[in-house]
Amino acid sequence: MKETIKLGLILFIIAAFSGGILSYTNSLTKPIIDEREYEETQAAFKELIPDADSFDELDAAKLESLKSENKKIQDIYEAKKDGSVIGYTFKTAGSGYGGDVVILTGIAEDKITKILVLSHKETPSLGDRIEHDEFKDQFVDIDASQDLVLSKSASGEEIQAISGSTISSRATVEAVNQAIDTLSKLK
Numbered sequence: 469m470k471e472t473i474k475l476g477l478i479l480f481i482i483a484a485f486s487g488g489i490l491s492y493t494n495s496l497t498k499p500i501i502d503e504r505e506y507e508e509t510q511a512a513f514k515e516l517i518p519d520a521d522s523f524d525e526l527d528a529a530k531l532e533s534l535k536s537e538n539k540k541i542q543d544i545y546e547a548k549k550d551g552s553v554i555g556y557t558f559k560t561a562g563s564g565y566g567g568d569v570v571i572l573t574g575i576a577e578d579k580i581t582k583i584l585v586l587s588h589k590e591t592p593s594l595g596d597r598i599e600h601d602e603f604k605d606q607f608v609d610i611d612a613s614q615d616l617v618l619s620k621s622a623s624g625e626e627i628q629a630i631s632g633s634t635i636s637s638r639a640t641v642e643a644v645n646q647a648i649d650t651l652s653k654l655k
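For the record, in the sequence shown the residue sitting at position 162 is 630 according to this note's numbering, with numbers rising by one throughout.
Take a look at the structure:
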């Protein structure tokens, strides 16, 4: 019995020491990680709306109101130039084959400026083609006043689905349409 208590006490001390070391390491690295994430996010926003000189998160109350209406909205930032709002970036999700497809959409002057695929779990070499420029470039300079339409043989401002990857294509268009719908509520 004494041996069991002794071993348990030793194990507790080792676990507590290890936990303390991990906590200390986290406290040292968390600010660095947060700073890098912030810089990467700002760079992504700048890629979407290059004319902007700053990006500010939408007012918290307004953002929560929009999120309560639509669970697929994750974040919205105002793109500003000289203090005036010139556009928005929207982080939204669409339902893909392997889970949510998270898209960052830039909209300025009622046009989609660009989209970035932030995350997905789509099938490699098939659904992951939503990351390829030939698919993403279809969204550039499209009118953001009405929902986009996905088509197998696109014409005009329709988005052509990726052959063999319709669900992933649909998820991307769904995410961008979430941004378009939300934009109309911001005006």
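Idealized CB from N, CA, C, for every residue including glycine. Predicted, not measured: the structure shown is a model, and the values here were computed from it.
C-beta atoms of residue i and residue j nearer than 9 Å
i	j	result
Q646	K540	yes
S619	I610	no
T573	V617	no
T640	I598	yes
I517	T581	yes
A520	A576	yes
A484	F523	no
E515	L586	no
Y556	L526	yes
E537	K653	yes
Bridge partner(s) assigned by DSSP for residue i
i	result
A424	Beyond the ends of the chain as shown, which are 469 and 655, falls residue 424; an answer cannot be given.
I580	I575
K548	S522 and V553
S587	V570
I541	T560
Status (buried if at least 16 other CB within 10 Å, exposed otherwise) for residue i
i	result
F513	buried
A561	buried
Y545	buried
H588	buried
Y492	exposed
I571	buried
A511	exposed
Per-residue DSSP class, three states only, for residue i
i	result
I630	coil
L618	strand
I610	coil
D527	coil
G624	coil
S593	coil
K535	helix
I657	This structure does not reach residue 657, given that the chain is present from 469 up to 655, and the question cannot be answered.
K655	coil
The stretch 541-553 contacting the stretch 478-497, beta-carbon criterion three pairs below 8 Å: no
Between the stretch 566-579 and the stretch 495-506, do at least 3 Cβ pairs fall closer than 8 Å? no
Quick test of the definition: if touching needs 3 or more C-beta pairs under 8 Å, does the stretch 584-594 touch the stretch 629-645? yes
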